[in-house]
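In this note's numbering, the protein residues as written are 82 to 699.
C-beta atoms are modelled at their ideal positions from N, C-alpha and C, and glycine is treated no differently.
Every value quoted in this text rests on a predicted model; they were computed, and no experiment measured them.
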Amino acid sequence: MAVNYKQFEANYGFKSPGFTVDNLGNVIVRTITDTYTPTATDSIDYSVIESSNNFSITDKESNNLGSNPVIDLKRGTTYVFSLDTTSVTFNIFSADTNNDTVPGELYNTGLSHTTSINGQNLSTDTWTVQQTWQQETTAYSRPVTVVVPNTVGTSLEGKQIPVIISLHNANQSSGNAITHLNYLTDKIIVAPQGYSKEWNVGYSSSKADDIAYLDAIVDKLATFDNVDIREISIHGQGLGGQMAHQYALQTTKTNIKNVIIESALFNEDQYRENTNIFYKMALSNLGDSTAVSWIPVTPLTKSKIVMFHGEEDLAYPFNGGVVAGETILTAATTIYGWAKAVGSSQSKLTSGTLQSDGASLYSYNSGAVALYGYPNVAQSWEGIVKTSIQTKVNETATPSSFLDIPTASTVSGAEAQAKTKGLLSFIVPIDAPDKLFYGDGDKIPNAAINVTNPTVTGIGSFSSILNTGNLISSGVDATITISPTGTGTVNINPTGGGTINNVNVNASNLTTSGEVSITPNSDVTISPQISGTLTINPTATGVLNNVTIGQSVPKAGAFSTLVSTAGTLNSTTIGTTTPANAGFLSATGDDAPATGKHLTNKTYVDAISMVYSIALGV
């Protein structure tokens with residue numbers, strides 16, 4: 082690869098000479114110091130959304146890790162969390178000092194948070210979504226009409242605007258959906274166009290994948306800064322209402338929170354009351370009604386489900402029935418199904434409560450799931466009924482609070498905690514504890530973060546390395562050099578003792594202050610060279626066992642005491658330079674004395690003494 086030989090240069094022109102780059106592109110620096118706050122990055126390690134007041138996390142490989150999963154992080158590594166929650170905030174905690182199985186204090190080290198912006202605002206426009214299916218085998222452009230209100234001078238100026246996606250009735254167009262909701266002056270109205278003015282709910286002429294079509298629209302809405310995507314409303318009339326039912330049942334988009342249905346009911350393929358099972362459509366490539374198979378599905382929790390239905394509706398009979406070969410469930414069963422979907426334990430309501438606008442109200446979950454049935458009304462809203470319905474639609478699609486249009490900003494440390502949106506960057510410190518936690522501000526819910534050491538490969542040069550765990554150097558055919566210069570020292574001081582194997586020690590001085598044991602099953606050679614000497618000088622008396630002195634080359638020895646318990650002493654001059662007394666149990670001289678100082682044996686002395694005695698008459 083190409084090598085850049087230029088110096089490193091900061092944004093403000095500073096050039097540092099404190100590094101080198103070799104011809105392979107390796108960079109050696111004197112020190113590396115982290116002095117900046119990481120900026121937002123497109124590399125998202127974990128996507129965090131909210132599901133039933135829990136953290137639902139997906140990793141960078143798009144693996145859904147489930148609710149509140151345990152995650153693993155490595156020290157010295159930067160991780161980016163994309164946050165998109167509503168009622169729970171994201172925080173990182175240390176383990177409790179008294180119980181390491183639960184979170185304790187906030188852990189603020191290494192944290193920074195960036196409020197991300199897309200850099201564009203949505204305005205009134207027409208989009209297209211490209212799709213192909215058996216009816217359109219080349220890229221087919223499906224239009225989407227978007228109407229954005231003018232918020233200048235209103236209470237919504239500078240605020241994110243809520244969204245309602247409206248699906249038109251059969252044989253109509255997106256324009257009809259826009260006209261139907263033109264009273265909503267503080268909402269973004271998104272009106273998709275059904276293929277051939279139909280929606281694929283399993284029985285219509287359209288075989289298009291409308292679920293994927295609507296999902297693509299939701300994804301695009303999230304790319305605009307002035308759009309409030311926290312609680313998107315799905316709305317439909319007639320066949321569009323039945324499509325809205327189906328989309329709300331099977332979408333995986335957690336921000337589809339409000340379901341508003343006008344004049345549409347479940348069919349028996351969508352919901353079975355006797356088993357309380359909901360079904361999603363699975364599309365095949367066939368071109369008729371057999372293209373759809375129905376598979377059980379668990380709908381995501383919704384905030385509000387509101388239905389409006391005329392009791393004289395013939396297309397979707399209020400009391401159920403078979404229409405054009407399709408078995409329609411009753412209005413009471415449909416709203417009861419939705420109540421069960423959101424976890425209601427109420428018994429099924431068989432009648433409603435009379436309201437001021439003449440409607441019969443079937444209410445579950447304190448009105449969050451509601452059906453308004455209108456006597457003597459079909460699918461045409463007029464007068465007080467129309468006004469009342471419009472008011473309720475507006476209320477359902479209005480969030481409890483309005484958010485400011487975000488601006489890009491970055492905070493760090495404790496200020497990066499307790500966020501619901503944006504990007505959280507976490508540089509895991511090298512001294513981070515083995516166990517951390519993430520969780521809501523009140524620590525419920527929470528889950529563990531396991532912190533481990535990284536595996537590092539490559540070449541680096543560092544001014545210092547502090548290692549607090551195992552240090553392993555085991556490269557194949559590698560040379561490992563530890564060579565401090567100047568006054569540098571090498572300290573190898575294991576607390577519990579250790580071993581050094583297969584090591585050639587070559588030092589000018591080898592000193593030990595403790596016990597040294599050399600006990601191999603092989604030769605031990607101590608051989609100082611040139612003028613070197615070998616000194617064995619224990620402070621206390623020691624022993625020298627099983628040693629042959631001067632085996633091949635005799636050497637002189639000087640001893641204060643020489644004791645032998647067995648064996649022989651051959652070819653040895655005793656007191657050759659300094660005479661000394663010697664005591665022997667026996668001594669033998671083999672030769673007659675030649676001088677007066679020669680050692681003689683007792684037999685020789687006795688014989689001479691006897692001769693002298695006889696001769697001298699002693």
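- Note: residue 375 is bridge-paired with 362 in the DSSP secondary-structure output.
- The residue from 378, 280 and 199 with its alpha-carbon nearest to that of residue 332 is 378.
- Taking 8 Å as the cut-off, the Cβ atoms of residue 359 and residue 380 count as close.
- Spanning the alpha carbons of residue 136 and residue 566 requires a straight line of approximately 53 Å.
- Just so you know, the alpha carbons of residue 546 and residue 591 end up roughly 27 Å apart.
- Residue pairing for residue 221: DSSP places it in a beta bridge opposite 212.
- Residue 268 and residue 478 do touch by the CB rule: their CB atoms are close to 6 Å apart, below 8 Å.
- Taken atom to atom, the span from the alpha-carbon of residue 361 to that of residue 445 is near 24 Å.
- Cβ-Cβ distances below 7 Å link residue 220 to 211 and 213 in the same chain, with the five nearest sequence neighbours on each side left out; the list follows chain order.
- Its Cα nearest to that of residue 494, the residue 189 stands out among 178, 514, 189 and 150.
- Around the C-beta of residue 679, fewer than 16 other C-beta atoms lie within 10 Å, and the residue is accordingly described as exposed.
- An exposed status is given to residue 693, since fewer than 16 other beta-carbon atoms sit within 10 Å of its beta-carbon.
- Following the DSSP letters along the chain, one finds residue 140 inside the beta strand (DSSP E) bounded by residues 135-140.
- For residue 248, the enclosing beta strand (DSSP E) begins and ends at 242-248.
- A Cβ-Cβ distance of about 5 Å is found for the pair residue 412 and residue 399, placing them in contact under the 8 Å criterion.
- Residue 241 counts as buried, since at least 16 other C-beta atoms from the protein chains shown sit within 10 angstroms of its C-beta.
- Below 8 Å, too few C-beta pairs join the region 142-161 and the region 485-492 to call them touching: fewer than three.
- When DSSP states are grouped into helix, strand and coil, residue 314 belongs to the strand group.
- Sixteen is the threshold: since fewer than 16 other Cβ atoms of the shown chains lie within 10 Å of the Cβ of residue 689, the residue is exposed.
- Contact between the region 263-277 and the region 446-460 is absent, with fewer than three C-beta pairs closer than 8 Å.
- Rounded to whole angstroms, the separation of the alpha carbons of residue 290 and residue 279 is 12 Å.
- Around residue 449, the same chain offers 384, 385, 386 and 423 as residues with beta carbons nearer than 8 Å, after the five sequence neighbours per side are excluded.
- Rounded to whole angstroms, the Cβ separation of residue 418 and residue 328 is 15 Å, and the two are not in contact under 8 Å.
- In this structure, the straight-line span from the alpha carbon of residue 696 to that of residue 629 is close to 52 Å.
- Boundaries around residue 390 are those of the beta strand (DSSP E), 385-391, since no alpha helix (DSSP H) includes it.
- In the structure shown, the three-state DSSP call for residue 470 is helix.
- In this structure, DSSP gives residue 197 a state outside helix and strand, which the three-state scheme calls coil.
- A contact between stretches requires three or more CB pairs, one per stretch, nearer than 8 Å, and the region 465-483 fails this requirement with the region 157-172.
- DSSP lists 164 as the beta-bridge partner residues of residue 503.
- Under the 10 Å beta carbon count, residue 247 is surrounded by 16 or more other beta carbons and is classified as buried.
- In this structure, residue 316 lies near residue 341, with their beta-carbon atoms less than 8 Å apart.
- With a contact defined as Cβ atoms closer than 8 Å, residue 176 and residue 516 qualify at about 5 Å.
- With respect to residue 391, residue 344 sits close: the two C-beta atoms are nearer than 8 Å.
- As DSSP reads the structure, residue 341 sits in a beta bridge with 316 and 387.
- When the alpha-carbon of residue 589 is set against those of 610, 382 and 548, the nearest one is in 610.
- Residue 294: member of the alpha helix (DSSP H) spanning 291-302, first to last residue.
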